[in-house]
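S.K.: What follows is a structure written as C-alpha cells; I'll ask about it next.
2 protein chains.
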Amino acid sequence: MSLEKLGTEVRRRQIAAAALEALAAGGPKALSVGAVARRVGLVPSAIYRHFRGKDEMTVAAIGLFRERIMENIRAVREESPDALERLESVLNRHVRMIRDNIAMPRVVFSDSLAGGPAGAKKLVLGNIRLYLDGLADIIKEGQAAGTIRPELAPETTAVMFLGLIMPAAILWHLTEGGFDVTRHAARAWSTFRNAIAVNTSSQKRGGR
Amino acid sequence: MSLEKLGTEVRRRQIAAAALEALAAGGPKALSVGAVARRVGLVPSAIYRHFRGKDEMTVAAIGLFRERIMENIRAVREESPDALERLESVLNRHVRMIRDNIAMPRVVFSDSLAGGPAGAKKLVLGNIRLYLDGLADIIKEGQAAGTIRPELAPETTAVMFLGLIMPAAILWHLTEGGFDVTRHAARAWSTFRNAIAVNTSSQKRGGR
DNA sequence: CTCCTTTGTGAACATGAATTCACATGATAC
DNA sequence: GTATCATGTGAATTCATGTTCACAAAGGAG
Numbered sequence: 024m025s026l027e028k029l030g031t032e033v034r035r036r037q038i039a040a041a042a043l044e045a046l047a048a049g050g051p052k053a054l055s056v057g058a059v060a061r062r063v064g065l066v067p068s069a070i071y072r073h074f075r076g077k078d079e080m081t082v083a084a085i086g087l088f089r090e091r092i093m094e095n096i097r098a099v100r101e102e103s104p105d106a107l108e109r110l111e112s113v114l115n116r117h118v119r120m121i122r123d124n125i126a127m128p129r130v131v132f133s134d135s136l137a138g139g140p141a142g143a144k145k146l147v148l149g150n151i152r153l154y155l156d157g158l159a160d161i162i163k164e165g166q167a168a169g170t171i172r173p174e175l176a177p178e179t180t181a182v183m184f185l186g187l188i189m190p191a192a193i194l195w196h197l198t199e200g201g202f203d204v205t206r207h208a209a210r211a212w213s214t215f216r217n218a219i220a221v222n223t224s225s226q227k228r229g230g231r
Numbered sequence: 024m025s026l027e028k029l030g031t032e033v034r035r036r037q038i039a040a041a042a043l044e045a046l047a048a049g050g051p052k053a054l055s056v057g058a059v060a061r062r063v064g065l066v067p068s069a070i071y072r073h074f075r076g077k078d079e080m081t082v083a084a085i086g087l088f089r090e091r092i093m094e095n096i097r098a099v100r101e102e103s104p105d106a107l108e109r110l111e112s113v114l115n116r117h118v119r120m121i122r123d124n125i126a127m128p129r130v131v132f133s134d135s136l137a138g139g140p141a142g143a144k145k146l147v148l149g150n151i152r153l154y155l156d157g158l159a160d161i162i163k164e165g166q167a168a169g170t171i172r173p174e175l176a177p178e179t180t181a182v183m184f185l186g187l188i189m190p191a192a193i194l195w196h197l198t199e200g201g202f203d204v205t206r207h208a209a210r211a212w213s214t215f216r217n218a219i220a221v222n223t224s225s226q227k228r229g230g231r
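Note that the protein sequences, when read in sequence, are chains X and H. Counted the way this note's numbering counts, the first sequence spans residues 24 to 231. Counted the way this note's numbering counts, the second sequence spans residues 24 to 231.
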C-alpha cells in the first residue's frame, strides 16, 4: 500500500484527524480501528504502532477536536472588541463548521462517545465546559462594556447560545443537508440578539 | 426464568419499552438484543418470536417514543389556552422527562440511531418534525391571539425552543445529573419568553 | 555497506453480539 | 384429557472488530 514510513508524531496526528473525520462522517459506528486505518492508507494493526489501542486513538481524536474548536473561539477574540459581534462571528463559524465537518455536532452534541472509553465522556464534557467558559467570558465582557444586559446569567446565556446551533446541527445531518442552517442561524441570531442586547432606545424594563 | 408466556402484542410493547429504557440508560451500545431481553426477563433468542430482528425492535422503540412525546404535547393543549403558558408547560415537562427518562435526549437529540437500521434515521427525523410542527402550531396560535410577536418565523422559533432544552439535556447526562436542568430551564425561559412575547407596555420596536 | 531501530504487513486469535434452529413447555380449542 | 399452536430456551453458527505476533522492509548511525 503506502510504501512510505512516517514518524510516529506525524502518524499520530494523521490518525487522530482520520478518526475525527470518520466519526464526523459515519458516527461512532464508523470509528473502528479498521476504518480509520484505511483512511490513512494503513492496515489495522499498524495503528497499534502509534496508539495503545482504540481508546487512546479516540481520546486523541477528541483532543484534536478541542484544539480546533478552541482555536475557533480564540480567533474571534481578535476580530472584534464588541461582544455581540464576537458572538455573531462564533455563530457564523459554527455554521461553516457544520457544513464542512459535521464533526462538531457528532462530537460535542452527541452521546456517541458515552459508550466508548471510560475517559471519553469526561473529555467531551471538558471540551464543552471549556467552550462554554469561552462564551461566558465574552458575555461577561459584553456586560461590563454595557452592550449585554447585566441581569442575565452568563453561564445560562452561554448554554442558550449553544442551543442556537445544536438543534440546527442535528437537523442538518439528519436531513443530510436539507435543513437550511444558514437561514436558521440568521433568524435565530436576530431574535437572540434582541433578547440579550441592551436596549439602545431609552427603556429599562426588568428581566421578568 | 419467567414461567409465564404472554401474547405477542403484550410482549412487543414490553420489549419496545425495555429497549427504550436501555437506550436511555446506556446509549446505543446498551441497545443490544441480549440486554433488552434480560430486561424483560427473557432469553435473547426469544426476541425473535416477536420481532424480525434487532432493527425492527429498534424501530418499535422509536415508535413508542413518538407516542410518548406527542402525548406530552397533546396534553399541554388542554391545560391552557394561552400559547406562552403552553410553551412553559412543555418546557417543564421536558425537564421532568430529562430527569426521569433521559430517553429524550438520547433518542431525539442524538445521532445514536444514525448508524443503526436504515429507516431509523428517517424515523427520528419524522419524530422531530412532528414535534416541531406541534410547537410551531402553538406559536402560530399565539401570534394569532396577539401574545407572541408576529414578526417571528414559527418554525425558527420552534427550533430555538428545542435549543432551550437540548444542550441542557446533554449536559445533564454528561455530568450524570450534576447540571441543574431545572434552574437552567427557568432562567432560559425567562429570557426566551421576553424575546418572543409581545411587549405589554406601549412599545413596538421592529424585529431587527 | 552494514547494523539496528522504527514502522508497516498479513495471519492468527479472542470476544461479543446477532441470528438460527431443534427442542421444551405453557396456553388453548375441541 | 388431548392435540395443537404459540411462546420460551439453550446450543450452535456467523460475523465484525479489537488485538497480538512473527516477520519484512525502510531509514538513519556508524
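Each residue gets a CB set at the ideal place from its N, CA and C atoms; glycine is no exception. Computed from a predicted structure; not experimentally measured.
Using a Cβ cut-off of 8 Å (strictly closer), state whether ILE151(X) contacts chain H.
M.R.: Output row for ILE151(X): interface = yes.
S.K.: In chain order, what residues of the same chain lie with their CB nearer than 6 Å to the CB of GLU108(H), ignoring the 5 residues before and after it?
M.R.: Cβ neighbours of GLU108(H) beyond the five flanking positions: none.
S.K.: Applying the criterion that 16 or more other CB atoms from any shown protein chain within 10 Å of the CB defines a buried residue, is GLU111(H) buried or exposed?
M.R.: Buried.
S.K.: Using only alpha-carbon positions, find the residue among GLU27(H), THR214(H), ILE92(H), LEU54(H) that is nearest to PRO173(X).
M.R.: Closest by alpha carbon: THR214(H).
S.K.: So, do the stretch 55-68 of chain X and the stretch 111-122 of chain X have three or more beta carbon pairs nearer to each other than 8 Å?
M.R.: Touching, no.
S.K.: Skipping 5 residues on each side, what residues in its chain have a beta carbon closer than 7 Å to that of SER225(H)?
M.R.: Confidence at SER225(H) is low in this model, with a pLDDT of 43, below 50, so the placement of that residue should be treated as unreliable; the coordinate-derived value is given next. So the list is empty, once near-sequence residues are dropped.
S.K.: For THR220(X), which beta-bridge partners are listed by DSSP?
M.R.: According to the sequence provided, residue 220(X) is Ala. The question's Thr does not apply to it. Its beta-bridge partners are ILE171(X).
S.K.: Along chain H, in chain order, which residues have C-beta atoms closer than 8 Å to that of LYS144(X)?
M.R.: Here the neighbours are LEU197.
S.K.: Assuming THR180(H) contacts ILE219(H) under a Cβ cut-off of 8 Å, what Cβ separation, rounded to an integer in Å, is found between them?
M.R.: That belief holds up - the Cβ atoms of THR180(H) and ILE219(H) are roughly 6 Å apart, short of 8 Å.
S.K.: Any residues in the stretch 151-173 of chain H with a beta carbon nearer than 8 Å to a beta carbon of chain X? Which ones, in chain order?
M.R.: For the stretch 151-173 of chain H, which is checked against every Cβ of chain X, the residues closer than 8 Å are ILE151.
S.K.: Around the C-beta of THR31(X), are 16 or more other C-beta atoms found within 10 angstroms, so that it is buried, or is it exposed?
M.R.: It is exposed - the Cβ of THR31(X) has fewer than 16 other Cβ atoms within 10 Å.
S.K.: Excluding five sequence neighbours on each side, which residues of the same chain lie with their C-beta closer than 7 Å to the C-beta of HIS73(X)?
M.R.: Counting only Cβ-Cβ distances below 7 Å, and skipping sequence neighbours, we find THR31, ARG34, ARG35, ILE38.
S.K.: Considering only residues of the same chain and omitting the five flanking positions on each side of ARG231(H), which have a CB-CB separation below 7 Å?
M.R.: Residue placement at ARG231(H) is poorly supported in this model, since its pLDDT is 39, which falls under 50; the coordinates still yield a value, given next. Excluding sequence neighbours, ARG231(H) sits near nothing in its chain.
S.K.: How about LEU148(H): is its C-beta nearer than 8 Å to some C-beta of chain X?
M.R.: So, interface residue.
S.K.: Where do the N-terminal and C-terminal ends of the alpha helix (DSSP H) with ALA69(H) fall, by residue?
M.R.: Unbroken run through ALA69(H): none, as it is neither H nor E.
S.K.: If I'm right that VAL59(H) touches ALA42(H) with Cβ under 8 Å, what's the distance once you round it to whole angstroms?
M.R.: About 5 Å; that satisfies the 8 Å criterion.
S.K.: In three-state DSSP terms, what is SER112(X)?
M.R.: SER112(X): helix per DSSP, three-state reduction.
S.K.: Buried or exposed for VAL63(X), please, with buried defined as at least 16 other CB atoms from any protein chain shown within 10 angstroms of its CB.
M.R.: Answer is buried; the Cβ neighbour count reaches 16.
S.K.: Under 8 Å between C-beta atoms, does VAL104(X) make it to chain H?
M.R.: In the sequence as displayed, the identity of residue 104(X) is Pro instead of Val. Closer than 8 Å: no.
S.K.: Under 8 Å, do VAL182(H) and LEU155(H) count as touching if we go by C-beta distance?
M.R.: Against a cut-off of 8 Å, the Cβ pair of LEU155(H) and VAL182(H) comes out as a contact.
S.K.: Can you give me the C-alpha to C-alpha distance between ALA40(H) and LYS163(X), rounded to a whole angstrom?
M.R.: If I take the Cα positions, the gap works out to 45 Å.
S.K.: In its own chain, which residues sit with a C-beta less than 6 Å from the C-beta of ARG228(H), not counting the 5 before and 5 after it?
M.R.: Confidence in ARG228(H) is poor, its pLDDT being 43 and thus under 50, which makes the residue's placement unreliable; the coordinate value appears in the next sentence. Within the same chain, ARG228(H) has no close Cβ partners at all.
S.K.: Quick check: what's the CA-CA separation for TRP195(X) versus ALA84(H)?
M.R.: Spanning the two alpha carbons is a distance of roughly 23 Å.
S.K.: Check the Cβ of ASN115(H) against every Cβ in chain X and list those closer than 9 Å, keeping chain order.
M.R.: Under the 9 Å cutoff, chain X gives no residues; its nearest Cβ is about 16 Å from ASN115(H).
S.K.: So, with DSSP's three-state summary, where would you put PRO104(H)?
M.R.: PRO104(H) falls in the coil class under three-state DSSP.
S.K.: What span of residues does the alpha helix (DSSP H) with ALA48(H) cover, start to end?
M.R.: Its alpha helix (DSSP H) spans residues 31-49.
S.K.: How is the alpha helix (DSSP H) around PRO177(X) delimited, first residue to last?
M.R.: That run of the alpha helix (DSSP H) goes 177-197.
S.K.: For ALA60(H), report the span of its alpha helix (DSSP H) as first-last.
M.R.: Its alpha helix (DSSP H) spans residues 56-63.
S.K.: Drop a sphere of 10 angstroms on the beta-carbon of ARG97(H), count the other beta-carbons inside from all chains shown, and report buried for 16 or more, exposed for fewer.
M.R.: Answer is exposed; the Cβ neighbour count stays below 16.
S.K.: Closest Cβ-Cβ distance between ASN217(H) and chain X: below 8 Å?
M.R.: Interface residue, yes.
S.K.: Here's the rule: buried if 16 or more other CB atoms are within 10 angstroms of the residue's CB, otherwise exposed. What is ARG89(X)?
M.R.: When all chains shown are included, ARG89(X) counts as buried.
S.K.: Tell me which same chain residues have a C-beta within less than 7 Å of the C-beta of LEU29(H), skipping the five on either side of it?
M.R.: No residues qualify anywhere along the chain.
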